[in-house]
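Reviewing the structure listed below.
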Ligand SMILES: Cc1cc2nc3c(=O)[nH]c(=O)nc-3n(C[C@H](O)[C@H](O)[C@H](O)COP(=O)(O)OP(=O)(O)OC[C@H]3O[C@@H](n4cnc5c(N)ncnc54)[C@H](O)[C@@H]3O)c2cc1C
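Following this line, the structure appears as structure tokens:
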């Protein structure tokens, strides 16, 4: 039996592909409707257009990755993405016929179905899993058991100890751990923390992507996509100023990280920020999901939506090779929980669903041919973990937002590191997992004395070639 943890695009596509290849799988997930795939909007990047090629897609990915993408992973994902998308279609999924253009892409290559494509894929794969009699059950992974660097089993909340020699982690990222976020509360980095305690190498933890325009009406979080700004939405502060041009010549169409910093700076000045949709033509037809969201909250296009930048995606995680293999025999990581090296210092829009699908669909090709991870592109630091007090998730989210957020400096990062240094990181629970991944993020962000990709240090506001390498962490035994 192969145990897969997580039912997002990575876990479910792996489950379907493995089952179709004759393997027995069980999918275990903390919450059936949890994760980011369930709420993902735009679509999947794949070079399927007649004017496009995997090489051009790779070039765009490398540019956005800002010198830290692993070229092997970039070439692999960009050349496999069209095939993985085709496999999804052969299983019965139907994409719309048009391709969308998104920021950072030099070609129209974002496949979508509606403007909730992540959810469409999730619904489809859950249906497929049911047809194939794949059990998808709610339970929570707490720990992985290893001996001599090999997987021997795992522990979950409901099942207790289970023997296993192959575990696939598809538990998503940890962007929920910032006070402002686009993520669901399931995304607390459990897989990364649990694997780390078992000896897995993790890398690139400092690279957290913040989305500039997230909103929350009456407790319901909603991501306001770039396309809105492309179609004419503008940003205003509470003085009525269209402030974005003060920060970048492209105004509202500035790169994500620049716009996130701009809005964050307005907030630091005591301003509030709103999105004005009134200039968008044919709004209801172009954006039915946002229209429905506004309607649910008694609003329409004329409502000036309060927006804030929120943690959205994490580039780093469990370091794996092209097969999704970690450095622990039998332990695989796919999707956002993993660090394939594809995103480097920043993620190209719509590359994460592509990455999850490629590694998920292709897992069946390699599952019986273990090679193991080999790394030579960075320095490994051993980290000692300790028992201690607990912090609530809200406290952790506040600390990360204030100190490990959009604009970082040594003083703030040191503060976070010293707080986490006295917090329990060894227990098998969400709070301890959250403290551990937050600690590693703060440590990596402190170490990286430069600004690159989505990691911005106001005390080192430039790139430094000596940092063209990955920061790895491993538990000190
Ligand atoms: C609002 C939003 C919009 C996005 N839009 C796009 C987009 O248009 N295109 C794109 O490419 N990317 C997009 N992204 C990013 C993308 O959605 C994610 O990177 C991707 O869906 C991750 O898929 P995954 O399968 O790795 O994990 P997820 O879909 O996050 O699933 C993780 C799963 O793990 C489970 N889990 C967590 N912890 C445990 C545990 N301890 N035990 C058992 N199960 C556990 C959860 O229940 C969940 O089912 C978006 C993200 C957000 C938040």
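In the UniProt record's numbering, the protein residues as written are 1 to 477. Glycine included, every Cβ here is placed at the ideal spot set by N, Cα and C. Just so it is clear, the structure is predicted and the values come from calculations on it, not from any experiment.
Worksheet item: Going by the C-beta, is residue 46 closer than 6 Å to any heavy atom of ligand 1?
Response: No, since every heavy atom of ligand 1 falls outside the 6 Å radius drawn around the Cβ of residue 46.
Worksheet entry | DSSP beta-bridge partners of residue 339 | Checking the DSSP bridge columns, you'll see residue 339 partnered with 319.
Discussion item. Once the 5 residues before and after residue 102 are set aside, which same chain residues still bring their CB inside 7 Å of it?
Written reply: Residues 42, 110, 226, 349, 350 of the same chain have their beta carbon placed closer than 7 Å to that of residue 102, with the five preceding and five following residues left out of the count.
Worksheet entry | Alpha-carbon to alpha-carbon, residue 8 and residue 38 | If you take the alpha carbons of residue 38 and residue 8, they lie about 7 Å apart.
Fill in: Burial state of residue 394 (16 or more Cβ within 10 Å)
Per the 10 Å Cβ criterion, exposed.
Worksheet item: Is the beta carbon of residue 40 within less than 6 Å of some heavy atom of ligand 1?
Response: Ligand 1 approaches residue 40 closely enough that one of its heavy atoms is under 6 Å from the residue's Cβ.
Item to complete: Using the DSSP secondary-structure output, state which residues sit across from residue 486 in a beta bridge.
Response: Not covered by the structure: residue 486. The range shown for the chain is 1 to 477.
Practice prompt. On a CA-only basis, which of 301, 69, 434 is nearest residue 396? Give me that one, please.
Written response: Among 301, 69, 434, the Cα nearest to that of residue 396 is on 434.
Worksheet item: Just checking, does the segment 183 to 194 make contact with the segment 21 to 38 on the three C-beta pairs under 8 Å criterion?
Response: With the cut-off at 8 Å, the segment 183 to 194 and the segment 21 to 38 touch.
Discussion item. Which of the three DSSP states is assigned to residue 333 in this structure?
Written reply: In the displayed model, residue 333 falls within a strand according to three-state DSSP.
Worksheet item: Is the beta carbon of residue 231 sitting closer than 7 Å to the one on residue 244?
Response: No, these two residues do not count as a Cβ contact at 7 Å.
Discussion item. Helix, strand or coil, according to DSSP, for residue 57 in the structure here?
Written reply: Reduced to three states, the DSSP call for residue 57 is helix.
Item to complete: State whether the segment 308 to 321 contacts the segment 258 to 276, with contact taken as three or more CB pairs (one from each stretch) at a distance under 8 Å.
Response: Touching, yes, given that three or more Cβ pairs across the two stretches are closer than 8 Å.
Practice prompt. Pull up the distance between the alpha-carbon of residue 370 and that of residue 148, whole angstroms please.
Written response: So the alpha carbons of these two residues sit roughly 16 Å apart.
Item to complete: With a cut-off of 8 Å on the beta carbons, I'd call residue 61 and residue 342 a contact; round off their distance for me.
Response: Confirmed, about 7 Å.
Fill in: residue 15 versus residue 340: straight-line alpha-carbon distance, rounded
Rounded to whole angstroms, residue 15 to residue 340 spans 20 Å at the Cα level.
Fill in: Closest residue to residue 388 among 457, 432, 57 (Cα-Cα distance)
Residue nearest to residue 388 within the set 457, 432, 57 is 432 (criterion: CA-CA distance).
Discussion item. Taking its Cβ as the centre, do 16 or more other Cβ atoms sit within 10 Å of residue 1, making it buried, or is it exposed?
Written reply: It is exposed - the Cβ of residue 1 has fewer than 16 other Cβ atoms within 10 Å.
Practice prompt. Identify, in the order they occur along the chain, each residue of the same chain with its Cβ nearer than 8 Å to the Cβ of residue 280, setting aside the five sequence neighbours on each side.
Written response: Once the five neighbours on either side are set aside, the close Cβ partners of residue 280 are 228, 231, 232, 233, 286, 287, 301.
Item to complete: Please state if the CB of residue 17 and the CB of residue 404 are separated by a distance shorter than 7 Å.
Response: Result no, Cβ atoms of residue 404 and residue 17 do not sit closer than 7 Å.
Item to complete: Could you tell me whether the segment 191 to 210 touches the segment 317 to 332, where touching means 3 or more Cβ pairs closer than 8 Å?
Response: Cβ pair count under 8 Å is three or more, so yes.
Discussion item. Given 6 Å as the limit, tell me if residue 230 has its C-beta closer than that to any heavy atom belonging to ligand 1.
Written reply: Taking 6 Å as the cut-off, the C-beta of residue 230 does not count as close to any heavy atom of ligand 1.
Discussion item. When you measure from the CB of residue 31 to every non-hydrogen atom of ligand 1, does any distance come out below 6 Å?
Written reply: It does: the Cβ of residue 31 is within 6 Å (strictly closer) of some heavy atom of ligand 1.
Worksheet item: By Cβ distance, which residues of its chain are closer than 7 Å to residue 76, with the 5 residues on each side in sequence left out?
Response: Sequence-distant partners of residue 76 (beyond 5 residues in either direction) whose C-beta falls short of 7 Å from its own C-beta, in its chain, are 322.
Item to complete: Report whether the distance from the Cβ of residue 37 to the nearest heavy atom of ligand 1 is below 6 Å.
Response: Yes, Cβ of residue 37 sits closer than 6 Å to a heavy atom of ligand 1.
Worksheet entry | Limits of the alpha helix (DSSP H) - the one that residue 259 falls within | In the DSSP assignment, residue 259 falls within the alpha helix (DSSP H) that extends over 256 to 268.
Item to complete: Would you mind listing the beta strand (DSSP E) stretches within the segment 355 to 414 that are 3+ residues and don't spill past its ends, in chain order?
Response: The qualifying runs are 378 to 383.
Worksheet item: Measuring CB to CB, does residue 386 end up less than 7 Å from residue 207?
Response: No, the pair does not count as a contact, with Cβ atoms beyond the cut-off.
Worksheet item: With which residues is residue 423 paired in a DSSP beta bridge?
Response: The partner list for residue 423 (beta bridge, DSSP) reads 389.
Fill in: Opening and closing residue of the alpha helix (DSSP H) in which residue 121 lies
Note, residue 121: alpha helix (DSSP H), 117 to 131.
Item to complete: Give every residue of the same chain whose Cβ lies closer than 8 Å to the Cβ of residue 82, excluding the five residues on either side of it in the sequence, and list them in chain order.
Response: Sequence-distant Cβ neighbours of residue 82 in its own chain, meaning closer than 8 Å and more than five residues away, are 46, 47, 48, 54.
Discussion item. Considering only the alpha carbon of each residue, which of 215, 328, 114 lies closest to residue 196?
Written reply: Of 215, 328, 114, the smallest CA-CA separation from residue 196 is found for 328.
Item to complete: Answer with buried or exposed for residue 19, where buried requires no fewer than 16 other C-beta atoms within 10 angstroms of its C-beta.
Response: Buried, by the Cβ-count rule.
Worksheet item: Hey, how far is the Cα of residue 177 from the Cα of residue 365?
Response: Take the alpha-carbon of residue 177 and the one of residue 365: they are about 34 Å apart.
Worksheet item: Once you ignore the five residues that flank residue 193 on each side, which residues in its own chain have a CB closer than 6 Å to its CB?
Response: Excluding sequence neighbours, residue 193 sits near 433, 436, 437.
Fill in: Straight-line Cα distance separating residue 179 from residue 401
For residue 401 and residue 179, the gap between their C-alpha atoms comes out near 6 Å.
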